[in-house]
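Numbering (the numbering used here), first residue to last: -19 to 313. Below is one structure, written out as structure tokens, with a few remarks after it.
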């Protein structure tokens, strides 16, 4: 792996130069960013996948949707529709993608739209839904054509951005200095017993004000569920297989205490083929199938409803959640 990184490193220098030039042009106003009169909050990261954007967006939805007319705008990765699409009662996962479909399915009091062009997307939301007063941009840290009011940058505890390299030798979408655009940084997927000393060590390596750095963990529910019933994990008794099509499924498997032989892993955002479904059913052999919430959105109409369950998760701050909440509320007043 180290030798491969050495071979790819010259290409990383080229990639870094191109992205740095692009950011310089935006920073100096040579390339134009579009700002809007309403609060826009962008959630994203410097690295490719697996930092916990979906739980973060859901945290913001729970925080804001009771008092604001909230819209979530995503690119809609791997969707089969084109251009702007506003989710409605008949929308399918293929039309908007798995993460937007999850937001749309879980939260009835928000609007969910997809558009690769975020500026056009916000303009269309405001024309279609003029009462909208807050927009959440999902995975938009590098989308410089739009100027958000507040940027939340995520970095996973076990894959911290400052230890990484730019693509293709590493997983960074741009240079580490991009962190300076963040209003806050959230270190995600931390151990629940992360020490104060370890937090200070991490803060010392992140080039923003320490008061703007937060630490969170993934809180797994004690039960798996579907549209029929809930089952406590302690009652599963290993009589199941686990299926995941997310960027980094290790935490999911570890929480379920699933042995390697009983885990089926697919690529992130994977749309399951007939052959995939047959393989899952054969592996399960009439046992329960436990999957992630995001994968459940794609699998719920493909597998028996009484056999498929998902494990709900939420993002939880280790400390200072009230400070983070106040940061957000202060920009949407």
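Note that CB positions come from ideal geometry on N, CA and C, so glycine has one too. The model shown is predicted, which means the values in this text are computed figures rather than measured ones.
Inter-residue spacing [alpha-carbon to alpha-carbon] between residue i and residue j
| i | j | result |
| --- | --- | --- |
| residue 278 | residue 10 | 42 Å |
| residue 312 | residue 149 | 39 Å |
| residue 182 | residue 139 | 12 Å |
| residue 238 | residue 260 | 15 Å |
| residue 157 | residue 184 | 14 Å |
| residue 80 | residue 305 | 23 Å |
| residue 177 | residue 291 | 32 Å |
| residue 73 | residue 59 | 8 Å |
| residue 18 | residue 37 | 18 Å |
| residue 271 | residue 8 | 46 Å |
| residue 46 | residue -6 | 46 Å |
| residue 251 | residue -11 | 32 Å |
Three-state class that DSSP yields for residue i in the structure shown
| i | result |
| --- | --- |
| residue 101 | helix |
| residue 158 | helix |
| residue 151 | coil |
| residue 72 | coil |
Which listed residue (the options) has its alpha carbon closest to that of residue i
| i | options | result |
| --- | --- | --- |
| residue 266 | 123, 195, 221, 22 | 221 |
| residue 299 | 105, 168, 101 | 168 |
| residue 145 | 310, -14, 306, 305 | -14 |
| residue 210 | 288, 96, 6, 159 | 288 |
| residue 191 | 179, 28, 36 | 179 |
| residue 234 | 14, 213, 29 | 213 |
| residue 116 | 189, 20, 186 | 20 |
| residue 119 | 227, 56, -11, 42 | 56 |
| residue 52 | 268, 40, 172 | 40 |
| residue 91 | 99, 100, 113, 97 | 113 |
| residue 203 | 303, 236, 274 | 236 |
According to DSSP, residues forming a beta bridge with residue i
| i | result |
| --- | --- |
| residue 212 | 203 |
| residue 297 | 196 |
beta-carbon residue i near the ligand ATP non-hydrogen atom, thresh 6 Å
| i | result |
| --- | --- |
| residue -2 | Within the structure as shown, the ligand ATP is missing, as the structure has no ligands at all. |
Q. Would you call the region 278 to 289 and the region 14 to 24 in contact, with 3 or more CB pairs under 8 Å?
A. no
Q. Is there contact here, the region 247 to 255 with the region 189 to 200, by at least three beta-carbon pairs under 8 Å?
A. no
Q | Validate contact between the region 107 to 118 and the region 158 to 177 using beta carbons, cut 8 Å, 3 pairs | A | no
(Q) Can you confirm whether the region 213 to 227 touches the region 302 to 310 when touching is taken to mean that 3 or more C-beta pairs between the two stretches lie within less than 8 Å? (A) no
(Q) Pairs of beta-carbons, one from the region 124 to 135 and one from the region 79 to 94, closer than 8 Å: are there three or more? (A) no
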